[in-house]
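Residue numbering for the sequence shown follows the working numbering, beginning at 432 and increasing consecutively. Idealized CB from N, CA, C, for every residue including glycine. Since the model is a prediction, treat every value here as computed from it, not as a measurement. In what follows, a single structure is set out as structure tokens and then discussed.
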Amino acid sequence: MPSLHLAVAIDRPDTHEAAPYLESALLAEHGALDFVTLHDSFARPGPDALAVAARIAPGTARIGLVPTVTTTHTEPFHVQAAVATLDWVSHGRAGWALDVSATEAEARLFGRRRAAPREELWREAGDVAEAAARLWDSWEDDAEIRDVATGRFIDRDKLHYADFAGRTFSVRGPSIVPRPPQGHPVRVVDATAPQARETAARHADVALVRAASVERADTARAELRGLAARYGRDPQTLLVFAALDVDLGGGEHAAEPGHGGGPLPTAGGPAYRGGPVDLAELIADWHRAGAVDGFHLTPAEPRRDLERLVNGTVALLQHRGLFRTFYPGSTLREHLGLARPANRYAAITGESA
């Protein structure tokens, strides 16, 4: 059976100090979870997710760090450089949750253009993801010489122009940041909305789907992997996680009546309300059925539910041999079983030589 993957949101929108975020990340790391996410948008108050991830990176050792960085109203060149920098700061544990900003209120914060339909914004997000990948490859892995005797820092023959032209922007490059430790930091896309599915299928390493049943999750996974194959990708390189809100305030009691051991659809998406043991059963059943590769869980009450998740649900899955008890590698790609991408420009150089 393929490995089970687990991730958790550590959002605290009313918290502006680093300590609570670090505490949550360390707890998730104690449970050997793949990564934590920090949501962000221009539409809500709260600290900058990318800055928080960079701040807590030195205080953690293995857990992946995946902040949301919107692709709307931002400069693609700057976004990719910031995500690459996070990968360097965390020694290869960075990810990037792509999102879009669709409201007029968000557009007015910048004043450069009006709000656009989500279909257009997600096509632009796909362009940003492609431009970022090319810019990450614009430095070959051994482009840095650092030869003090000759004063040469870079082998200019191993820097490359990205020369990307999208629908709304163009980028020449090369990047101002050396190629990230992971080659490409892990890209995460919530593919629940139809508008986001093409971008997820083309560019995501991890796609999140909000499904209230194992059957819907299985259908969504099959559709996304089918799309990925049609776009020329190996579908096995696209991991699909079920995204659930979880309320573990019920302690060790059975799932709330009506949930039947599973999530219920709500206005905010599928929500599970019950105890850690029943949640472990749900996770095991869905994964055993081959419906998903993992789960992304958002605690209803950050501290309480994360503690019960790690010390209850995850501990039980580990006891049953369904989830790892230690990290086999050091990078987020290694946690997820994803290969480090080859550098497209280095391959071209090698062929021409």
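DSSP places Phe584 within a strand segment (E or B) once states are collapsed to three. Taking a 10 Å sphere around the C-beta of Ser532, we find 16 or more other C-beta atoms and assign the residue as buried.
Residue nearest to Ala563 within the set His766, Pro616 and Leu435 is Pro616 (criterion: CA-CA distance).
In this chain, the alpha helix (DSSP H) harbouring Gly557 covers Arg549 to Trp567.
His750 carries a helical assignment under DSSP once its states are collapsed to helix, strand and coil.
With contacts defined as CB atoms closer than 7 Å, Leu670 and Ala711 fail to qualify as a contacting pair. Three or more pairs of CB atoms, one per stretch, sit closer than 8 Å, so the segment 478-485 contacts the segment 505-523.
Nearest to Ala659 by alpha-carbon distance, out of Val677, Gly680, Ala674 and Ala635, is Ala635.
Looking at the DSSP output, Phe466 shares a beta bridge with Ala438 and Gly495.
The DSSP-derived three-state label of Gly725 is strand. Excluding residues up to 5 positions away in sequence, Val640, Ala642, Ala648, Trp717, Val723 and Phe726 lie with their Cβ nearer than 7 Å to the Cβ of Ala673 in the same chain. Bridge pairing for Ala702: Asp676 and Leu695 [DSSP]. Residue burial annotation: His766 is buried, with at least 16 other C-beta atoms found within 10 angstroms of its C-beta. Judged by pairs of C-beta atoms under 8 Å, the segment 602-614 touches the segment 568-577, as three or more such pairs exist. Under a 10 Å Cβ-count criterion, Thr697 is classified as exposed, with fewer than 16 other Cβ atoms of the shown protein chains found around its own Cβ.
In the three-state reduction of the DSSP assignment, Pro625 falls in the helix class, which pools H, G and I. For Ala528, the uninterrupted beta strand (DSSP E) segment begins and ends at Gly526 to Asp530.
DSSP places Glu575 in no alpha helix (DSSP H) but in the uninterrupted beta strand (DSSP E) bounded by Glu575 to Asp578. Boundaries of the beta strand (DSSP E) harbouring Val637: Val637 to Val640, taken from the DSSP string.
Residue environment analysis places Arg598 among the exposed positions, since fewer than 16 neighbouring C-beta atoms fall within 10 angstroms of its C-beta.
Each residue's CA atom was taken as its position, placing Phe757 and Thr744 some 16 Å apart.
When the Cα atoms are used, Ala528 and Tyr452 turn out to be separated by approximately 17 Å. Taking the Cα positions, Arg587 is about 7 Å away from Ala574. Per DSSP, reduced to three states, the secondary structure at Thr744 is helical. Taking Leu458 as the centre and dropping the five residues before and after it, the same chain places the C-beta of Leu737, Glu738 and Val741 closer than 8 Å to its C-beta, in chain order. Where Pro707 is concerned, the enclosing alpha helix (DSSP H) starts and stops at Pro707 to Arg719.
Note on Val579: under 16 other CB atoms within 10 angstroms of its CB, so exposed under the neighbour-count rule. Less than 7 Å separates the beta-carbon of Thr501 from that of Asp530. Take the alpha-carbon of Leu517 and the one of Ile487: they are about 11 Å apart.
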